[in-house]
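Everything on this sheet refers to the single structure shown next.
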Amino acid sequence: MQGGYAAQQVLYAAPAPAHKDGLRALFDLSFTEMVTPLVVKILYVLSMIVGILWWLFAILIGTGAASIDPYFNSGSSVMLVLGILLGWIPGVIIVLGTRMISEFVLSSLKTQRAAEDILKRLESQ
Numbered sequence: 100m101q102g103g104y105a106a107q108q109v110l111y112a113a114p115a116p117a118h119k120d121g122l123r124a125l126f127d128l129s130f131t132e133m134v135t136p137l138v139v140k141i142l143y144v145l146s147m148i149v150g151i152l153w154w155l156f157a158i159l160i161g162t163g164a165a166s167i168d169p170y171f172n173s174g175s176s177v178m179l180v181l182g183i184l185l186g187w188i189p190g191v192i193i194v195l196g197t198r199m200i201s202e203f204v205l206s207s208l209k210t211q212r213a214a215e216d217i218l219k220r221l222e223s224q
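Be aware that the sequence shown starts at 100, since it is given in my numbering, and climbs by one per residue.
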């Protein structure tokens, strides 16, 4: 005994099998692995790009409206200011909606994986 403590045996659980995600899962013909995480990442990046392009398009439309009649109609420059100040809101809504749907899909996938792990543990007992 060292320091008054008995030697303790530590038991470690075996690591869970790694799940194939991405391109390897794309070519899994048994459909036991999911390609969804890769698709979700790609769609989320695309939604951010669409959100930025939406804001730039709103600014472009505002610039076009301001340049139609710059001398006689003072209300046309308001469109440019509104495009700059408020044009980002629809893009953010697109990104938030995509993020929420992506999180729901990924949480469903994680729940399915956890259920498979529980089933394997129950079967091994």
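Using N, Cα and C, we set each Cβ at its ideal position, and we do this for glycine too.
Next item on the list: Could you check the C-alpha separation between SER201 and ILE183 for me, to the nearest Å?
Entry: 28 Å
Notebook entry, point to check: Considering only the beta carbon of each residue, do VAL194 and MET147 sit closer than 7 Å?
Noted result: yes
Item checked: Beta-carbon gap between THR135 and LEU221 smaller than 7 Å -> no
Notebook entry, point to check: When burial is assigned at 16 or more other CB atoms within 10 Å of the CB, is MET199 buried or exposed?
Noted result: exposed
Checklist line | Inter-residue spacing [alpha-carbon to alpha-carbon] between LEU125 and SER166 | finding: 50 Å
Next item on the list: Would you check if the distance between the CB atom of MET178 and the CB atom of ALA157 is smaller than 7 Å?
Entry: no
Note to self: Taking only three categories from DSSP, how would you classify GLY182?
What the structure shows: helix
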